[in-house]
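A quick write-up on the structure given underneath.
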Amino acid sequence: MAATLAAMTLEEKVSLCAGRDLWSLGGVPRLGVPSIVLTDGPHGVRLMKGDLGQAANLSEHEPATCFPTASALAATWDVALLEEVGVALGEEARALGVSVLLGPGANIKRTPLCGRNFEYFSEDPLLSSRMAAAWIRGVQRTGVAASLKHFAANNQEERRTYIDARVDARALREIYLASFEHAVTEAQPWTVMAAYNRLEGTYCTQHPWLLTDVLRREWGFDGLVVSDWGAIDVRAESLVAGCDLEMPGSLGRGDAALLRDVRTGRVPLAALDAAVTRILQLIQRTAGAREAGHTYDKEAHHALALRAAAEGTVLLKNEGGLLPVSPTSHLAVIGAFAQVPRYQGAGSSELTPTRLEEALGALRTRVAEAGGRLTYAPGYGRYEDRPDPALIAEACEAARGADAVLLFVGLAEAYETEGLDREYLRLPPAHDALVRAVAEVNPRVAVVLSNGAPVEMPWHARVPAILEAYLGGQAGGGAVARVLLGELEPGGRLAETFPLHLEDLPVSAMPKGPRVLEYRESLYVGYRYHDAAGTDVLFPFGHGLSYTSFAYADLSLGAPRLRDGDTLEVSVTVTNTGPRPGAEVVQVYVHAMSPGVFRPPQELKAFTKVRLAPGESRRVRLTLDRRAFAVWDAARESWAVEPGTYEVRVGSSSRDVRARARVELSSEAPPVARDVPAVYRDVRAPGGFSHEAFAALYGAPLPENAHEVPGAFTLNTPLMDMRASPVARFIHARMFAEASKVLGRAKKDITPVLRSMLQEASLRSLWLASQGLVRRPLIEALLSLSNGRYARGALALVRAALTLWR
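For what it's worth, this note's numbering labels the leading residue of the sequence shown as 302, then goes sequentially.
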């Protein structure tokens, strides 16, 4: 690499630091440096057909196996299975000529309203980082690079390209960075993707503390940092901060400015050379993936996708043992999702599957073979929200008299998508109405959910069984059918809490912008909050039933006392006490008995999945390291352990603790104690997580959280905030029309989603999306006009026209 670097011209170095087009790097043909392809995504290879530089091809992809989304994969709690899926993804990427697969997403599920939660693993950083690490190991075993994303604090889709995330030091370290940390230090992804948003006032792509101090120096990351697509605001600053590669490219039209910055010293040559060296290293690391002749077994990958879907299916409720049902009985299958499944998320991860199994067909085949009877009714329009009385009546008639009703409901594509957050946790009204109506005519109802994140279930007490299938990928329908009939076990456990109501979440009452996002709840995310508040939940973190049962006995700790830095072995005997083979997820939580610093009541610190035959027992051993007891000491900027008594809790969910034991810890360097507002020691304290309480915890001035006004608009201001400008309204209308032409062909319900996403767009994103076809002077002229500076804008338009004619 050193010889190649030395032989490159300055122009070649600059050119290599940005994409050639939407999905590839240009390489350096003169020196034999090849081009490489990057593509989404986390649950399947989404390679665009045809010319990678043509946006018109965005909705057309090469077929690839669509595995379950991250929300379903996390519910498996199975790191070995995640690694298998990673290997399969890498094999398909190689076969399609892809060198970098853009995943996994390790962002914390701060709120179930985030529209992209289907693409993330968990509300818990330990589970998230372990799942991400396994995925990365698998992909990179094949010689394909993973790209861990979106680093960091990218926890909502609304205003994601503009919002400034403000997080207190402990929450940032213990929750949001921790979700990435183990994946980096243990799996060493070859690339990390910097997020769109700002963190503490600085864009993540231009954040030297985040990308250099933490990621490289502290965690030892030795790979390449790539921007999210169009996320770089000032290219010179991003390169110096440690963001090596700008994506997508602009056909070389952005190189001149960077060349100028290098020649004037704004960007040190050493910074450019470091970025180029990392890019050359990535190209070298992935050389094997570009060799000719790579293939993969489509049937084997489909079978793996089916197994993963079943392992991620969570049996939430099963009163009276309604499930599994018998194929020899009379079954009523209700719900259009059974026939036209919702099996993947919408946005940049959406792909074309190699095949698609739907539950209705799989159930029909098995019931027919067994001599049973099956009736079907759609119950609602597949893409309709409003209840249809005729369809509901037809469904009730089909359900009446059946031995069991398998009722398929969930969230349609427009409810969950990249670029758009959910407004509420409810199912579509048509789905809720259908469940209520069918439960009135037949009490033996098993509801099957297809969704990427938690939903409210106001009817949950009226049905005896609920099966959470998440977004199960192309084999999800077949997996669900086999689980319902008992051919496969529901192997999943929730990787997130299902609240009873949206109002039970502290973030539901917090502003999401317009300019600043205050993480006022600090450490109290997901089950950490619900446990602290003592709130009832619909289904707790870690919950999941089985078709068999398990008992825990003889918990023991490796030592009664520990010194700071010691590890602790936790061992417990788990027995399958039921009639069927099954898998149990053994979860270990740590509780500080008398903490001096505020902390959640308990936190997940270890887990493993154990498969047992009927009557089989196994001694399960897990290890707790120093970090299992440590907190971030903001005063010393290091991890510290509090001395005192800790309770180790072992169970099958955060609220189903089967055994407890205590250990004493000594520490000579405990964290520095500081006064904090009362709500952080008792989340039920009057006043709640207010702006004032957070400001005191944050310990630094918080910026004003207000819309920009005409005259103060910037290139990054979302068009939704520029509505007062007729110029901005015209631009939005034109963008919507053009985007509809590109994307609308493949979408039945794209209009509301597209309109909302384009409201988030800015003039800078328009410039970047054009790949250089729209010149920067024109964009700056439009900005002047939008700000009401008409004379300046008109003059700039003339200059832009002259530049174009040259």
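Glycine residues also receive a C-beta, built at the ideal position from the N, C-alpha and C atoms.
| Asked | Found |
| --- | --- |
| Same chain, Cβ closer than 8 Å to Gly391, neighbours up to 5 away in sequence not counted | Leu402, Gly439, Val440, Gln441, Arg442, Thr443, Gly444, Val445, Ala590 |
| Straight-line gap, Arg665 to Glu993 (C-alpha atoms, nearest Å) | 59 Å |
| Proximal residues to Tyr830 (C-beta, below 7 Å), its chain only, five neighbours per side dropped | Pro807, Glu822, Val984 |
| Straight-line gap, Met309 to Val485 (C-alpha atoms, nearest Å) | 31 Å |
| Residue interval of the alpha helix (DSSP H) (run including Ala960) | No alpha helix (DSSP H) contains Ala960, which is instead part of the beta strand (DSSP E) from 957–967. |
| Rounded C-alpha distance that separates Ser953 from Arg922 | 15 Å |
| Local conformation of Asn1088 per DSSP, three classes | coil |
| N- and C-terminal bounds of the alpha helix (DSSP H) containing Asp733 | 730–742 |
| Reduced DSSP secondary structure (H/G/I, E/B, other) of Gly777 | helix |
| Unbroken stretches of the alpha helix (DSSP H), 4 residues or longer, contained in the stretch 819–847 | 828–834 |
| Segment contact flag, the stretch 739–759 with the stretch 374–389, C-beta cutoff 8 Å, min 3 pairs | no |
| Reference Ala734; option with closest CA among Ala694, Phe422, Ala557 | Ala694 |
| For Val527, the residue or residues it bridges with in DSSP | Met494, Leu546 |
| Three-state secondary structure (DSSP) of Gly662 | helix |
| Same chain only: Cβ atoms within 7 Å of Ala700, ignoring 5 sequence neighbours per side | Ala633, Ile635, Val706, Val739, Val742, Asn743 |
| Cα-Cα separation between Pro1078 and Asp545, rounded to whole angstroms | 26 Å |
| Which of helix, strand or coil DSSP assigns to Arg1107 | Note that Arg1107 has pLDDT 46, beneath the 50 cutoff, so the model's placement of it is unreliable and the number below is only indicative. Coil, per DSSP. |
| Host beta strand (DSSP E) of Phe908 (start-end) | 904–913 |
| Enclosing beta strand (DSSP E) for Asp855 [first to last residue] | 851–858 |
| Three-state secondary structure assigned by DSSP to Asn418 | helix |
| Three-way DSSP call (helix, strand, coil) for Phe995 in this model | helix |
| Between the CA atoms of Ile767 and His844 - distance to the nearest angstrom | 13 Å |
| Distance CB(Gly774)-CB(Tyr681) smaller than 8 Å | no |
| Any 3 or more C-beta pairs closer than 8 Å across the stretch 1004–1013 and the stretch 799–817 | yes |
| From Gly702, Glu658, Gln582, residue whose alpha carbon lies closest to that of Arg674 | Gly702 |
| Assigned exposure category for Val973 - 16 Cβ within 10 Å defines buried | exposed |
| Beta-carbon proximity of Leu869 to Leu858, cut-off 8 Å | yes |
| Where Glu885 falls: helix, strand or coil (DSSP) | strand |
| Leu708 versus Tyr684 - alpha carbon distance | 17 Å |
| Residue-chain proximity (Glu659, chain D), Cβ-Cβ < 8 Å | Absent here is chain D; the protein component of the structure consists of one chain. |
| Residue span of the alpha helix (DSSP H) that contains Val386, given as start and end | 380–396 |
| Proximity below 8 Å, CB of Val258 to CB of Leu512 | A question about residue 258 goes unanswered here, because the residues of the chain that appear run from 302 up to 1107. |
| Cβ neighbour criterion (16 or more within 10 Å) applied to Pro330 | exposed |
| Outcome for Tyr677 when other beta-carbon atoms lying within 10 angstroms are tallied against a minimum of 16 | buried |
| Three-state class that DSSP yields for Arg1046 in the structure shown | Caution applies to Arg1046, whose pLDDT of 48 falls short of 50 and renders its modelled position unreliable; the value that the coordinates give is listed next. Reduced to three states, the DSSP call for Arg1046 is helix. |
| For Val710, the residue or residues it bridges with in DSSP | Leu750 |
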